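Written below as structure tokens is the structure these notes are about.
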Amino acid sequence: MAPLVPQQQHEVHEDFTLSTLIQKIHTVLGPDGGLDSEHIDPNEIIHLMEQYSSNAKDWSQYTIFDHSRAYTRNLIDDGNGKFNLMILAWSKGQQSPIHNHAGSHCIMKVLDGELSETQYAWPKPSSSSPKQDSSALSEADSSDITDAVVTHADGDEKRPDGKQMKVINLTRLCPNEVTYIHDKIGLHRIANPDPEHGAVSLHLYTPPYQVCKTFEEDSGRARQGGKCTFYSVRGKRCSNKDSQL
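Written out as structure tokens, the structure reads:
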């Protein structure tokens, strides 16, 4: 397995608050925009996330832990339906499943603690599947995965070869460091390796997505995940009926 690689340090600004970040994200994406718009460069949002210097006074009111779960999703801003900005509160020693992002761009910043990101290549098709040009599944391939079957844009079905998924990058993320993932890059898993302390991260998803796929590391089998629900919205704990926003 590849060694953990620390992210490059970036300049942060003490007077650049979370509220400032939210305002600037709205300005860059515009009232009708999102990172799926052709005129929007993801690097603009990545740079904004890098500029923000984590301050617990900004985000503690939105951060609710539940140590019976691996993590909680706490929505801060719904971006007029064009993006979701949320805080994930990670329980000690917990991790997400390997998952895709349903075509959404994901930009993540660590606010407190340390997290590790493991990126994986898309599972390769089995030798019995029809041939394809790429050795790994593309973004288009990712849209219709159920259990072990991948339906391509051309209508062909591919099954994973059942082998261990390939790790393409493993990164340690410290406070104020930022990472970016999209289905064109691959799949990933986020983990809090600390057995004693929780961790907090800020995530921007654009366009928002409601359902993702999860993958078995030892076989590449994909399963339909449940709806991506929120544990709280703007600091207020959701009831079950309110969590699927």
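Residues in the sequence shown are numbered from 1 upward in steps of one, following UniProt numbering.
Even glycine gets a Cβ: it sits at the ideal position worked out from N, Cα and C.
None of these values were measured; they are calculated from a predicted model.
In the assembly as shown, G113 is a buried residue. Its beta-carbon has 16 or more other beta-carbons within 10 Å. Shown here, P208 sits in coil according to DSSP, grouped into three states, outside any helix or strand.
Following the DSSP letters along the chain, one finds W59 inside the alpha helix (DSSP H) bounded by residues A56 to W59. In this structure L29 touches G79 by the C-beta definition: roughly 7 Å separates them, less than 8 Å.
Counting C-beta pairs closer than 8 Å gives three or more between the segment 116-127 and the segment 165-178, which meets the contact rule.
Y180 is positioned such that its CB atom lies closer than 7 Å to that of I107.
DSSP assignment within the segment 165-195 yields the following whole beta strand (DSSP E) runs of 3 residues or more, N-terminal first: 167-173, 178-181 and 187-191.
The closest CA to that of F83, considering only Y52, I22 and N43, is found on I22. A distance below 7 Å separates the beta carbons of L111 and W59. DSSP, read as helix, strand or coil, puts G225 in strand.
N84: member of the beta strand (DSSP E) spanning N84 to W90, first to last residue.
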